[in-house]
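Q: Numbering (this note's numbering), first residue to last: 8 to 216. Note that the Cβ used here is the ideal one computed from N, Cα and C, for glycine as well. Submitted below is the structure of interest, expressed as structure tokens.
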């Protein structure tokens with residue numbers, strides 16, 4: 008069985024969204040290891056002394072197997088290649104990203120992919136998304152991965168879950184990408200035919216074996 012990952016943002020000595028990471032970490036462990044006892048990740052994380060944004064990567068199965076800390080730099084993303092794939096399943100944040108990597112390889116000249124499943128927008132290869140109409144932000148009701156930052160934003164009323172059909176993409180003005188390491192509002196792309204490249208597909212893409 009593969010290992011799972013929690014990726015946590017530590018910034019200037021502060022651990023962000025620990026409650027949400029604990030919830031997902033323990034929920035995943037209960038799903039795959041029914042006899043596992045809930046753990047508090049906060050007791051295992053050693054906050055680095057250096058400032059800035061740190062990526063804390065926790066590798067685990069029934070128990071925590073490894074914790075690493077590395078400085079994090081945001082990778083610029085200015086364009087998204089839309090990719091249709093109905094077969095992808097990434098409900099749990101696992102260490103195996105072969106399927107996502109296969110889709111990412113189809114980005115052509117764009118910076119990342121925007122994955123469409125069953126006619127609905129889901130996520131990019133690295134982040135949850137929200138689309139804005141100028142007054143509200145909506146996040147896909149059925150993402151590939153229910154991220155911790157997404158859960159926080161929904162609970163705060165900052166984004167609203169909604170089915171977003173692919174044909175409606177240009178009804179919105181902007182798309183925000185966010186995850187545990189990228190706070191909401193830090194990576195926003197205007198929605199235009201140049202920034203969101205659409206490929207029509209009558210059949211879902213097949214992932215590489």
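Comparing C-alpha positions only, which one of 89, 113 and 60 sits nearest to residue 173?
A: To locate residue 173, count along the chain shown from 1; it is residue 166. Checking every option, the nearest Cα to that of residue 173 belongs to 89.
Q: Kindly indicate which residue of 19, 149, 43 and 158 has the alpha-carbon position closest to the one of residue 69.
A: Walking along the chain shown from the start, residue 69 turns up at place 62. When only C-alpha atoms are compared, the closest one is 43.
Q: How big is the Cα-Cα spacing for residue 199 and residue 166?
A: On the chain shown, position 192 is the one that residue 199 refers to. On the chain shown, position 159 is the one that residue 166 refers to. Those two C-alpha atoms are separated by around 21 Å.
Q: Could you check which residue in 18, 66, 133 and 45 has the C-alpha nearest to that of residue 9?
A: Within the chain shown, the letter at position 2 stands for residue 9. Measuring from the Cα of residue 9, the nearest candidate turns out to be 66.
Q: Using 8 Å as the Cβ pair cut-off and three pairs as the minimum, do the region 71-89 and the region 183-196 touch?
A: Enough Cβ pairs lie closer than 8 Å, so yes.
Q: Note down the Cα distance separating residue 142 from residue 18, rounded to an integer number of angstroms.
A: Your numbering for residue 142 matches position 135 in the chain shown. Your numbering for residue 18 matches position 11 in the chain shown. Rounded to the nearest angstrom, the two C-alpha atoms are 29 Å apart.
Q: Is it buried or exposed for residue 178, if we count other Cβ within 10 angstroms and need 16 for buried?
A: As a position in the chain shown, residue 178 is number 171, starting the count at 1. Residue 178 should be labelled exposed.
Q: Express the C-alpha separation of residue 158 and residue 46 in angstroms, rounding to a whole number.
A: Residue 46 sits at position 39 when you count from the first residue of the chain shown. Residue 158 sits at position 151 when you count from the first residue of the chain shown. Each residue's alpha carbon lies about 20 Å from the other.
Q: Spell out a yes or no on whether the region 111-131 and the region 144-163 are touching, meaning 3 or more CB-CB pairs, one atom from each, closer than 8 Å.
A: As far as the Cβ criterion goes, the region 111-131 touches the region 144-163, which means the pair count is three or higher.
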